[in-house]
Amino acid sequence: MDNLRQRWRLGRNADDVKAGRNESLLFKKEDNPPLRKEWLTIAVFSVIFRMVNCFLVQSSFVPDEYWQSVEVAHHMVFNYGHLTWEWKEGIRGYSYPLCFAVIYKILHWIHCDSAYLLIWLPRVLHALVTAFAEFKFFFLVRELEKRDVAKWTFFAHLCSWFTWYSCSRTLSNSVEAAITCLALAYFPLPASKTHSSKKYLSLVALAIIVRPTALIVWLPLLLYHFWQDENKVRLVVHNYIPIGASAILISTIIDSFFYEKAILVQFNFLKVNVLDGVADLYGTYPWHWYLTQGFPVIMGPHVPFFFHGCYLAFRRYRILFVAIAWTIAVYSLLPHKEFRFIYPVLPFCMIFCGVSLAHMRAWRQAAAWGLLVSNLILALYTGLVHQRGVLDIMSHVRALCDNTSEADVLFAMSCHSTPYYSHVHCPLKMRFLECPPDLGQPNYENESDRFNENPLLWLRISYPHAHSLPTHLILFDVMEKKISTFLHKNNYTRTTDIFHTHFPEGGVGGRIFIYERHRQLSNVTRKLTEWV
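Heads up, the sequence shown is in our numbering, so the first residue is 23 and it goes up one at a time.
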């Protein structure tokens, strides 16, 4: 009987323990939503957020977002448009614009190639890629840190005004940043459970194909991986070499096909821009520019959170801090500097910002609201107000497509100030002022510089006869006074006045005008008109 009682007690204790375990699991499920539901929530939210982001960015950033992407794709599919000097010199790869060319070709096949779809679908594609990268980024941090840190890291990343401003633009830097964020999810960081050498190296190779300078960001991370890996020979032989060689081979085949000759774009890019110093012709800044302006501007209100996070988590994420510092240091050595060049390191920075916010207690809510509101003001102003005129003006140019036989448009402003045929999508006669660098060509000419130095002389030489004058002139307000005599003499009348920016600088004015030419009536015609 004693044995039976003891067995009954043991069985009851086992059931109690089992029930306790089940209760614990149930409690755990109530505390944290199921993983699939969390995945779905983050995925849907990311897509909706970036779609709204995409359509609320209606301003211009830099000419490359058109002239090195959608303009090239439009030329590839519709066989008219303009290719800049980079494509004639073979320093740009066709792999990136080919993605947009495929979209354009499909739209053409199904007879849906409206200008509106040509403008917005490439940007929607960018937004979706960014949303997917951010989805993977959240769950990477979720594995590395507590859920609270992941939540605040995601919040900090979504708040970034510069990511909002840049991620949906058809810039190679934007897709480089998205691919870098995605590749980080598979990188062998300490405590990462989703790391995959083949996946992250393939994504890094893709980023380098899109933009060769992506190697700068990833070089310290590649060396770290090599140093930490136990089987270095296998890593090099089975991963580094085959993936790198495949990327170069695929890129070379695509570029050679479209250039119609054997070409290695990555080498040409390095030679022309860095070794020959051609990039310096587009503006140079002192070595400390990224430290004093570039990095603080793209980080914006996140700066104090970044440094606080570095203090808290430097040892844990030392390799990410090294990658940030290395990227800024290398770009600081190059004379030509732009904000967008260091954009790909922003996801690394947001991990430190998330750690900072998660460790706050008393001031966290106030800090979060301050971060959200300050970034929101910057994002909405730069996306909806600042430098929007060059896009708004293209809708007026597009309206001239109904009369392509007579309309003739001259963009009398600095080169590449506006988009071109990708935003018009009709064979309208248009001309802009070209500005290729002097690469030793015979009869070299920079129309943009010559026009800005003496616009009246350039107009008189370029249009010696009245019948050859353009029907429409598009210019910034700062140019109006300089060519007022030309406008009056040739019967041009201002028909459109569009806001561009509150911060005019140099040849870029605050407003953009369209002048339309009205032909003079002959004496006989004038008398008949007056009599009628």
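Ideal Cβ placement from N, Cα and C applies to all residues, glycine included.
Nearest by alpha-carbon distance to residue i: which of the options is it?
i, options, result
"Tyr-208", "Ala-199, Asn-195, Ala-200, Leu-223", "Leu-223"
"Glu-108", "Arg-482, Gln-288, Thr-63, Leu-406", "Gln-288"
"Ala-153", "Lys-110, Glu-111, Ala-199", "Ala-199"
"Gly-392", "Leu-402, Leu-406, His-324", "His-324"
"Phe-100", "Arg-114, His-133, Ile-113, Ser-82", "His-133"
"Val-296", "Asp-424, Ile-125, Tyr-353, Asn-465", "Tyr-353"
"His-540", "Glu-469, Pro-119, Ala-429", "Ala-429"
"Gln-80", "Glu-467, Met-416, Arg-410, Arg-533", "Arg-410"
"Lys-293", "Thr-106, Leu-461, Trp-142, Cys-76", "Leu-461"
"Phe-177", "Pro-441, Cys-371, Asn-474", "Cys-371"
"Ser-218", "Phe-67, Pro-326, Tyr-262", "Tyr-262"
"Pro-441", "Leu-143, Trp-89, Arg-58, Leu-62", "Trp-89"
"Cys-457", "Tyr-514, Asn-75, Leu-105", "Leu-105"
"Cys-375", "Thr-175, Arg-453, Ile-125", "Thr-175"
"Phe-161", "His-408, Ile-415, Trp-61", "Trp-61"
With a Cβ-Cβ cutoff of 8 Å, do residue i and residue j count as a contact?
i, j, result
"Leu-366", "Ala-236", "Note on identity: in this sequence residue 366 is Pro, with Leu being the wrong assignment. In contact: Pro-366 and Ala-236 (Cβ atoms closer than 8 Å)."
"Leu-455", "Phe-433", "yes"
"Phe-248", "Leu-241", "no"
"Leu-193", "Glu-111", "no"
"Leu-211", "Leu-225", "no"
"His-418", "Ile-536", "yes"
"Val-395", "Arg-420", "no"
"Ala-95", "Pro-119", "yes"
"Pro-234", "Phe-280", "no"
"Arg-72", "Ser-190", "yes"
"Val-259", "Thr-349", "no"
"Ser-444", "Val-151", "no"
"Leu-21", "Asn-512", "Not covered by the structure: residue 21. The range shown for the chain is 23 to 554."
"Ile-496", "Leu-481", "no"
Whole angstroms are fine: how far does the CA of residue j sit from the CA of residue i?
i, j, result
"Asp-471", "Leu-78", "34 Å"
"Ile-364", "Ile-231", "17 Å"
"His-524", "Ile-346", "33 Å"
"Met-563", "Phe-508", "No answer is possible for residue 563: it lies beyond the span of the chain, which begins at 23 and ends at 554."
"Asp-53", "Gly-331", "In this prediction, Asp-53 has a pLDDT of 44, which is less than 50 and means its spatial position is unreliable; nothing more can be read from the coordinates."
"Phe-521", "Thr-404", "14 Å"
"Arg-362", "Ala-229", "15 Å"
"Thr-185", "His-148", "12 Å"
"Arg-340", "Gly-299", "33 Å"
"Leu-140", "Lys-158", "29 Å"
"Leu-334", "Met-321", "18 Å"
"Thr-274", "His-438", "28 Å"
"Val-431", "Phe-83", "23 Å"
"Leu-48", "Asn-397", "In this predicted model, Leu-48 has a pLDDT of only 35, less than 50, meaning its place in the structure is not dependable; the value taken from the coordinates is given anyway. Answer to the nearest angstrom: the Cα atoms are 40 Å apart."
"Thr-314", "Ala-284", "43 Å"
"Gly-305", "Leu-422", "35 Å"
"His-494", "Ser-484", "15 Å"
"Val-377", "Leu-286", "43 Å"
"Arg-386", "Leu-243", "32 Å"
"Gly-532", "Phe-498", "7 Å"
"Lys-254", "Asp-135", "50 Å"
"Gly-529", "Val-319", "23 Å"
"Tyr-102", "Glu-469", "21 Å"
"Lys-127", "Ile-534", "33 Å"
"Val-163", "Val-171", "8 Å"
"Trp-142", "Arg-383", "43 Å"
"Thr-426", "Leu-206", "49 Å"
"Trp-311", "Glu-360", "9 Å"
If I follow the unbroken beta strand (DSSP E) through residue i, where does it start and stop?
i, result
"Phe-498", "494-498"
"Lys-451", "451-454"
"Asp-170", "Run containing Asp-170: none in the beta strand (DSSP E); it sits in the alpha helix (DSSP H), 169-181."
Under 8 Å by Cβ, that's how I've got residue i and residue j pegged, so tell me the actual separation to the nearest angstrom.
i, j, result
"Ser-214", "Glu-165", "6 Å"
"Ile-265", "Ala-301", "Actually they do not touch by this definition, with Cβ atoms about 28 Å apart."
"Pro-369", "His-179", "7 Å"
"Ala-65", "Met-98", "Not a contact, Cβ separation roughly 32 Å."
"Leu-303", "Pro-85", "So it is not a contact: roughly 14 Å between Cβ atoms."
"Pro-477", "Val-500", "That pair is no contact at about 11 Å."
"Asp-277", "Tyr-116", "5 Å"
"Leu-379", "Ala-389", "7 Å"
"Ile-373", "Leu-342", "6 Å"
For residue i and chain D, any beta-carbon pair shorter than 8 Å?
i, result
"Phe-154", "The structure shown has no chain D; it contains just one protein chain."
Between which two residues does the alpha helix (DSSP H) containing residue i stretch?
i, result
"Ile-534", "Unbroken run through Ile-534 is the beta strand (DSSP E), 533-539; no alpha helix (DSSP H)."
"Thr-518", "Per DSSP, Thr-518 belongs to no alpha helix (DSSP H); it is in the beta strand (DSSP E), 514-521."
"Asp-277", "263-281"
"Phe-209", "Segment: none, Phe-209 is in no alpha helix (DSSP H) and carries neither H nor E."
"Asp-471", "469-475"
"Asp-430", "From DSSP, Asp-430 is part of no alpha helix (DSSP H) but of the beta strand (DSSP E) over 430-433."
"Arg-386", "386-406"
"Lys-110", "107-111"
"Tyr-353", "340-355"
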